[in-house]
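Asks:
Protein chains: 4
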Amino acid sequence: MFFTSDNGGPAAPEILAAVVAANTGNAMPYGNDPVMDIVRDQIRTLFEAPDAAVYLVGTGTAANSLALASMVQPWQTIYCHRLSHIQEDECGAPEFYSGGAKLTLLDGDDAKISPDSFQNAIDATGRVGVHNVQKGALSITTASELGGVYTLNEIRTLCDIAKSNDIPVHMDGARFANALVSLGCSPAEMTWKSGVETLSLGGTKNGLMGVEAVVLFNPKRAWEFELRRKRGGHLFSKHRYFSAQMNAYFDNGLWLELAQKANKAAQRLKAGLRQTEGATILHPVDANTVFASWPRKGHIAAVNSGAAYYHWPKTHPMEGPPDESFAARLVCNWATTDTEIDQFVKAVSQGIDL
Amino acid sequence: MFFTSDNGGPAAPEILAAVVAANTGNAMPYGNDPVMDIVRDQIRTLFEAPDAAVYLVGTGTAANSLALASMVQPWQTIYCHRLSHIQEDECGAPEFYSGGAKLTLLDGDDAKISPDSFQNAIDATGRVGVHNVQKGALSITTASELGGVYTLNEIRTLCDIAKSNDIPVHMDGARFANALVSLGCSPAEMTWKSGVETLSLGGTKNGLMGVEAVVLFNPKRAWEFELRRKRGGHLFSKHRYFSAQMNAYFDNGLWLELAQKANKAAQRLKAGLRQTEGATILHPVDANTVFASWPRKGHIAAVNSGAAYYHWPKTHPMEGPPDESFAARLVCNWATTDTEIDQFVKAVSQGIDL
Amino acid sequence: MFFTSDNGGPAAPEILAAVVAANTGNAMPYGNDPVMDIVRDQIRTLFEAPDAAVYLVGTGTAANSLALASMVQPWQTIYCHRLSHIQEDECGAPEFYSGGAKLTLLDGDDAKISPDSFQNAIDATGRVGVHNVQKGALSITTASELGGVYTLNEIRTLCDIAKSNDIPVHMDGARFANALVSLGCSPAEMTWKSGVETLSLGGTKNGLMGVEAVVLFNPKRAWEFELRRKRGGHLFSKHRYFSAQMNAYFDNGLWLELAQKANKAAQRLKAGLRQTEGATILHPVDANTVFASWPRKGHIAAVNSGAAYYHWPKTHPMEGPPDESFAARLVCNWATTDTEIDQFVKAVSQGIDL
Amino acid sequence: MFFTSDNGGPAAPEILAAVVAANTGNAMPYGNDPVMDIVRDQIRTLFEAPDAAVYLVGTGTAANSLALASMVQPWQTIYCHRLSHIQEDECGAPEFYSGGAKLTLLDGDDAKISPDSFQNAIDATGRVGVHNVQKGALSITTASELGGVYTLNEIRTLCDIAKSNDIPVHMDGARFANALVSLGCSPAEMTWKSGVETLSLGGTKNGLMGVEAVVLFNPKRAWEFELRRKRGGHLFSKHRYFSAQMNAYFDNGLWLELAQKANKAAQRLKAGLRQTEGATILHPVDANTVFASWPRKGHIAAVNSGAAYYHWPKTHPMEGPPDESFAARLVCNWATTDTEIDQFVKAVSQGIDL
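Protein chains in written order, with the numbering used here: chain A, 1 to 354; chain B, 355 to 708; chain C, 709 to 1062; chain D, 1063 to 1416.
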């Protein structure tokens, strides 16, 4: 009954097999291994983007920060949702990598940016010229930190506003595959065809051992990105193990298959809680995360049964009985089983009934 | 009829005389001139702070940024009002000087931070440990950007909250003298006795040619401050002209006299507008700034008569007729004359009556 | 015949097995997995340093930069050898992580810093007070970039000079194990007992898939290190795979065994080249790297036989016939076989004889 | 007998008069005063550069750092002389403003960069691609820190090498006027016509109260420069006093007249010391600085007579008798009198004869 985070799950067997297979003989380091050429082609093909620059790094924070630093100047601002990972969970990494850019916090339901909030923030930027920070980039996260997935229309609307203001768009796709299978569209539609310029394409939360891709649909600052990656200590000499994982990830649609499993688990969990008297689903369950609340007794029972999950707003994993205002953030991953979901729902339900 | 800003006014004659007098022979550069010793003593005596470290720089942005950088780490956040100068008008200088610290924006009337807003922000900081930026410093501005002056009680309340959370307090006193004469208390009461650790002590807006002091009531990071000042390019070789100005500023209470003139001018302006039918005073006039609104015709008339002032929210100085939502920010300085105030009020009044 | 770098070799089978074993079920992320507790204990025990803070990161550049950033201020300088990895091969990462510290370049044979060079540089630092960058940290690399290993006396001499000047000492131990087995002393003797405060303890070049430890013998800035690591994007959520590798690395002395293999390979290579007429060994072969020169014909033959290695001074791997001034940098790793060494020497030798 | 530095001298009377005259009524702040328009035209005309962007700041360190930051990226290196002010005397300001660029130190007599040293450094830059810092800008100082002045041919040779390598050239002209009157060429010849892209045009050391211009002959990054200036806290609200000084500086050739006075003083000093038995002139006296050595007794006598000057290599001003290895750095300014020169030479001479 592990719902703490999708980064706590294991790597998929296909991924592990690829790592083992990669461990043969010597290989040129730093991304000069031949498998990286294949990965680049896979991503370009999947995204219908033959000119895209593709790079691998080890963490989502690195992917986001390096991507954003390559899109803004230090005296500019990054527009993002108030609850976004780059604002809330990266200890200021975007500020560090960008040389001190500001983050302008936007609002919107389900941690998705509302167009009005974005437009108002733009209007308020740089009103007194050189005295103000300037317009930088927009960063949107999908699936969002509250489990929402932007519709294609929502993405396009934000990107159109951005484009009208010469603001490049970054997508934090730590859960890109979960959002993609949720929408059922093509990767290109979700990104550059809608106006996204740079993508953090997550793997870590979806069955990899710690690999993320960054895709620059506009490769004009690709060399700068490479230098920033190296300078940030994110160019891995034993890159072959990164390449191998990403290669396996895209082979035979594994990435979609894993995401579908996680999303389905979340749907099962949502359905179970919905039928639980006293439990309330707090946000749309568009991807692999469920936010819900229920009476304290249910939490005590769940935790006593061995369930692990976070309070929301986030604090350390629940230890001991929470107070009444407690809400639960329940994240499923590709390996979450029907059994643990059902056990969990049962524990909650029985606890409430006590 | 110049109400654009107090930084547009001339230097006081005593200041200019001091600069002229300082231009005799050679002097050791970089603050090693003997007059700087006198200035240090003047400030220590006025603030009843014999151990305070005292430094001079050329701009308020430099004073604030260097002060704050010496109080926070790059991975911390600076709590400040949403409308504060450090957030709105310094092009990200605090981020630059601090190595990328975040600014957490607080609310409160008249651009003064409310204790609740501060407490809530503290409670939301660092909840997930290493993943979050950490608690840094509090920065309060008095007189505030909307012309308000914190009472001693208000300062103490914020400083007490800060102290309970190990958060050092910075005061942006670009208009310190205006606030001081408004409160009628001692400089020590307004600062370290209430819990302020570091002060940006403005001179530029109050009759100097471009000099600000930074006072570190806690000198433990004084040497660091000196290195930051030099590294930022803010250690002036011809420092004697800075010293001379600050020396004259504190001689015979000149600083208070100049501030009183500016504050009185604002009171006269406020009184005049209050008697003007159709005009509304928008914020308390605690110091030398008046925020007011009136019908469009009044603005047209004022501008046509040669008045200069800024729209609020700030944009470039008014050119041509503003729209109905227009509000005016009218800043008086030590040299503002009764005549120009009365002329201005008359122009507005007559315009409205047309 | 792969001598390009020790980072091009495969992971050791024990390491791979540990990764596979770690992939069971869920695990708390971000270093909160139970195996990390074991790793911490292993390192503390091996280094006789019960209070040391221990962290894992993915690259040597991250280890060095984060370590150094936690030892210096932005206005200080890092003393290092002119040929050191932090100066030559990290694209300015130490400058980036430290917020713009300087690197002061020292001299000494075999890429080992000479005490005189260090002392002279210290004497020249900060002579004019605030106008100069200040004394920061010393960084020594062993095994060095030219294959040298500092004797314990050499380490102590440098550390003593450092200590007399309040300069903390960092050791870049990307090839720590190779140096350790070369000296035959204890890990503690090579580090804190000689005066080293912070250690980059390499694994990547010695059989791991891309994991390095940072050991802070003085843990006073440990929390700062953790924040810097997160902020730099180097805190891995799927940390369990890092922990598993490091755990296996220290189990049963595997790390020493692997290093001994690499060092022995280098000795065999050196011996072979020494017996090759026309070949010259250029630096002492203290660890796993051999620098040698021989006539052009020998290079052509070696490359034609499939050998891979770098020119020195470093450029891209040799393609086509080099010029006469060519020298070779030949790096052995734990998996280098006697056969490939012998083949290589034979190819060179036959080429020269043509 | 003040030879400590040209920044210790007084402001010229014409400059002071201009400041006094500027103190009339109100003025738009931040460089929007009308006199700044005149200054811009003066500099464009004098430099035959109608498109140049022109900005004023308060210190030479600010001028150099902001100029360089606008020319390089954080992952690039700035080529400069080992003894240059940006390396030796700015506490790392170029690193700070550039976001952590490196400085590559070059050699050459009289603190002038030799073409060979520059070419060799370029050849050694970026040899291993992304692992290395990249080629950034060249910074040359004239008059140099050892009193030398680059000939036009020397400037052109360095600029030609730079141009062949796509390296933009910065000139630190803290003593530009001294160099200009020494060469007797046009400002344009000394700068853009020879290949200089950005100029720090000093005023502070030549009779101003603390004002420097930055001239961007290539204005493509002018807006960036403005943002960097503001963000660095170097945009002065009371800019009118800067404008007034610079305006007077260029009026009627005052800048050249002041520089000629300082240079002539240095020639007189050199001549006097040359005739002093036991004294040796150490570097060519091309501008306003003399480096010389003589026996200890002469220093004791000079200091006892009230002379002030620095040891070289620089330490704090001489206090008490120096050791035998002592050399003197004697800087003349526009206000240095024949009398004090003659007195000084006499004191030295008599001291030696004792």
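Even for Gly, the Cβ is constructed at its ideal location relative to N, Cα and C.
Among C:950, C:805, C:821, which residue has its Cα nearest to the Cα of residue 739 (chain C)?
Replies: Translated into the one-based positions of the third sequence, residue 739 (chain C) becomes position 31. Considering only alpha carbons, the answer is C:950.
Asks: Just confirm the distance between the C-beta atoms of residue 948 (chain C) and residue 761 (chain C), as a whole number of angstroms; I'd bet it's less than 8 angstroms.
Replies: Translated into the one-based positions of the third sequence, residue 948 (chain C) becomes position 240. Translated into the one-based positions of the third sequence, residue 761 (chain C) becomes position 53. Residue 948 (chain C) to residue 761 (chain C), Cβ: 20 angstroms. No contact.
Asks: May I ask you to verify whether the region 425-445 of chain B touches the region 520-527 of chain B, counting CB pairs closer than 8 angstroms and requiring at least 3?
Replies: At 8 angstroms Cβ cutoff, the stretches touch.
Asks: Please name the residue, chosen from C:925, C:719, C:974, that lies closest to residue 759 (chain C) on a Cα-to-Cα basis.
Replies: Counting from 1 along the third sequence, the entry for residue 759 (chain C) is found at position 51. Among C:925, C:719, C:974, the Cα nearest to that of residue 759 (chain C) is on C:925.
Asks: Hey, residue 1298 (chain D) and residue 412 (chain B) are a contact pair by Cβ (cut 8 angstroms); roughly how many whole angstroms apart?
Replies: As a first step, residue 1298 (chain D) must be located in the fourth sequence, where it is residue number 236. As a first step, residue 412 (chain B) must be located in the second sequence, where it is residue number 58. About 6 angstroms; that satisfies the 8 angstroms criterion.
Asks: Near residue 1378 (chain D), which residues of its chain fall below 6 angstroms by C-beta distance, leaving aside the five closest residues on each side in sequence?
Replies: In the fourth sequence, counting from the first residue as 1, residue 1378 (chain D) sits at position 316. Since pLDDT at residue 1378 (chain D) reaches only 45, below the 50 mark, its modelled position is unreliable, and the value read off the structure follows with that caveat. Cβ neighbours of residue 1378 (chain D) beyond the five flanking positions: none.
Asks: Quick check: is the beta carbon of residue 917 (chain C) nearer than 8 angstroms to any beta carbon in chain A?
Replies: In the third sequence, the residue the question calls residue 917 (chain C) occupies position 209. Yes, contact with chain A.
Asks: Mind checking which residues open and close the beta strand (DSSP E) that includes residue 138 (chain A)?
Replies: The residue labelled residue 138 (chain A) in the question sits at position 138 within the first sequence. First-last of the beta strand (DSSP E) with residue 138 (chain A): 134-141.
Asks: What would DSSP say about residue 1318 (chain D), mapped onto helix, strand or coil?
Replies: Position 256 of the fourth sequence, counted from the first residue, corresponds to residue 1318 (chain D). Residue state, collapsed to three classes: helix.
Asks: Please name the residue or residues paired with residue 1138 (chain D) in a DSSP beta bridge.
Replies: Reading the fourth sequence from its first residue, position 76 is the one you call residue 1138 (chain D). Residue 1138 (chain D) pairs with D:1196.
Asks: For the region 75-87 of chain A, which residues have a beta carbon sitting closer than 9 angstroms to at least one beta carbon of chain B?
Replies: Result list: 75, 76, 77, 87.
Asks: Which residues of chain A have a Cβ atom closer than 7 angstroms to the Cβ of residue 733 (chain C), listed in chain order?
Replies: Counted from its first residue, the third sequence places residue 733 (chain C) at position 25. Within chain A, the residues near residue 733 (chain C) are 10.
Asks: Kindly give me the distance between the Cβ atoms of residue 806 (chain C) and residue 814 (chain C), rounded to whole angstroms, as I take these residues to be in contact under 8 angstroms.
Replies: For the purposes of this step, residue 806 (chain C) is taken as the residue at position 98 of the third sequence. For the purposes of this step, residue 814 (chain C) is taken as the residue at position 106 of the third sequence. Contact doesn't hold; Cβ gap of about 18 angstroms is too wide.
Asks: How about residue 290 (chain A) and residue 261 (chain A): are their beta carbons less than 8 angstroms apart?
Replies: One-based indexing of the first sequence puts residue 290 (chain A) at position 290. One-based indexing of the first sequence puts residue 261 (chain A) at position 261. Not in contact: residue 290 (chain A) and residue 261 (chain A) (Cβ atoms no closer than 8 angstroms).
Asks: At what residues does the beta strand (DSSP E) containing residue 1117 (chain D) begin and finish?
Replies: Locating residue 1117 (chain D) in the fourth sequence gives position 55, where the first residue counts as 1. Start and end: 1115-1119.
Asks: Between D:1103, D:1412, D:1398, D:1416, which has its C-alpha nearest residue 1067 (chain D)'s C-alpha?
Replies: Start at 1 with the first residue of the fourth sequence, and residue 1067 (chain D) comes out as number 5. Nearest option by C-alpha distance: D:1398.
Asks: Expressed to the nearest angstrom, what Euclidean distance is found between the alpha-carbon atoms of residue 547 (chain B) and residue 880 (chain C)?
Replies: Walking along the second sequence from the start, residue 547 (chain B) turns up at place 193. Walking along the third sequence from the start, residue 880 (chain C) turns up at place 172. Cα to Cα, the separation comes out at about 48 angstroms.
Asks: Bridge partners of residue 1143 (chain D), per DSSP?
Replies: Counting from one through the fourth sequence, the residue named residue 1143 (chain D) turns up at place 81. Paired residues: D:1168.
Asks: Give the DSSP-derived three-state secondary structure of residue 1342 (chain D) in the structure shown.
Replies: As a first step, residue 1342 (chain D) is located in the fourth sequence; it is residue number 280 there, counting from the start. In the structure shown, residue 1342 (chain D) sits in a strand (DSSP, three-state: E or B).
Asks: Pick helix, strand or coil for residue 171 (chain A), following the three-state DSSP scheme.
Replies: Indexing the first sequence from 1 puts residue 171 (chain A) at position 171. DSSP places residue 171 (chain A) in strand when its eight states are reduced to three.
Asks: Within 10 Å of its beta-carbon, does residue 1096 (chain D) have 16 or more other beta-carbons around it, so buried, or fewer, so exposed?
Replies: Walking along the fourth sequence from the start, residue 1096 (chain D) turns up at place 34. Residue 1096 (chain D) is exposed by the Cβ-count criterion.
Asks: Per DSSP, what kind of secondary structure is residue 1373 (chain D) in: helix, strand or coil?
Replies: Working through the fourth sequence from its first residue, we reach residue 1373 (chain D) at position 311. Note: residue 1373 (chain D) maps to strand in three-state DSSP.
Asks: What is the residue span of the beta strand (DSSP E) that residue 645 (chain B) lies within?
Replies: For the purposes of this step, residue 645 (chain B) is identified with residue 291 of the second sequence, where counting begins at 1. That run of the beta strand (DSSP E) goes 643-647.
Asks: Considering only residues of the region 1243-1274 of chain D, which uninterrupted beta strand (DSSP E) runs meet the minimum length of 3 residues and lie entirely inside it, listed in chain order?
Replies: Listed in chain order, the complete beta strand (DSSP E) runs (minimum 3 residues) inside the region 1243-1274 of chain D are 1260-1264.
Asks: So which residues on chain B does residue 807 (chain C) lean against when the C-beta distance must stay under 8 angstroms?
Replies: For the purposes of this step, residue 807 (chain C) is identified with residue 99 of the third sequence, where counting begins at 1. Under the 8 angstroms cutoff, chain B gives 428, 453.
Asks: Any idea which residues DSSP pairs residue 1080 (chain D) with across the strands?
Replies: Here the question's residue 1080 (chain D) lines up with position 18 in the fourth sequence. None; residue 1080 (chain D) has no bridge partner.
Asks: Report buried or exposed for residue 1262 (chain D), applying the criterion of at least 16 other Cβ atoms within 10 angstroms of its Cβ.
Replies: On the fourth sequence, residue 1262 (chain D) is found 200 positions in, with the first residue counted as 1. Buried is the call here.
Asks: With DSSP run on the structure shown, which of helix, strand or coil describes residue 1365 (chain D)?
Replies: What you label residue 1365 (chain D) is simply residue 303 of the fourth sequence in a count that begins at 1. It is helical.
Asks: Using a Cβ-Cβ distance cut-off of 8 angstroms, determine whether residue 1038 (chain C) contacts chain A.
Replies: In the third sequence, residue 1038 (chain C) corresponds to position 330, counting from 1. No, its Cβ sits nowhere closer than 8 angstroms to a Cβ of chain A.
Asks: Give me the subset of the region 916-948 of chain C whose CB atoms are less than 9 angstroms from a CB atom of chain B, sorted by chain position.
Replies: Result list: 931, 932, 934, 935, 936, 937, 938, 939, 943.
Asks: I'd like the list of long-range same chain contacts for residue 393 (chain B), defined as Cβ closer than 6 angstroms, with 5 residues on each side in sequence excluded.
Replies: If you number the second sequence from 1, residue 393 (chain B) lands on position 39. Closer than 6 angstroms at the Cβ level, and outside the excluded window around residue 393 (chain B), lie 597, 600, 601.
Asks: Would you list the one or two residues that DSSP bridges to residue 685 (chain B)?
Replies: Your numbering for residue 685 (chain B) matches position 331 in the second sequence. Paired residue(s): B:643.
Asks: For a contact meaning CB atoms closer than 8 angstroms, what does residue 880 (chain C) contact in chain D?
Replies: What you label residue 880 (chain C) is simply residue 172 of the third sequence in a count that begins at 1. Within chain D, no residue comes near residue 880 (chain C); the closest Cβ sits about 15 angstroms away, beyond 8 angstroms.
Asks: Helix, strand or coil: which one does DSSP assign to residue 699 (chain B)?
Replies: What you label residue 699 (chain B) is simply residue 345 of the second sequence in a count that begins at 1. Correct three-state label for residue 699 (chain B): helix.
Asks: Just to confirm my understanding: we take residue 298 (chain A), look at its own chain, exclude 5 residues before and 5 after, and list those with CB closer than 6 angstroms. What are they?
Replies: Position 298 of the first sequence, counted from the first residue, corresponds to residue 298 (chain A). Hits under 6 angstroms: 348, 351, 352.
Asks: Applying the criterion that 16 or more other CB atoms from any shown protein chain within 10 Å of the CB defines a buried residue, is residue 967 (chain C) buried or exposed?
Replies: For the purposes of this step, residue 967 (chain C) is identified with residue 259 of the third sequence, where counting begins at 1. Residue 967 (chain C) should be labelled buried.
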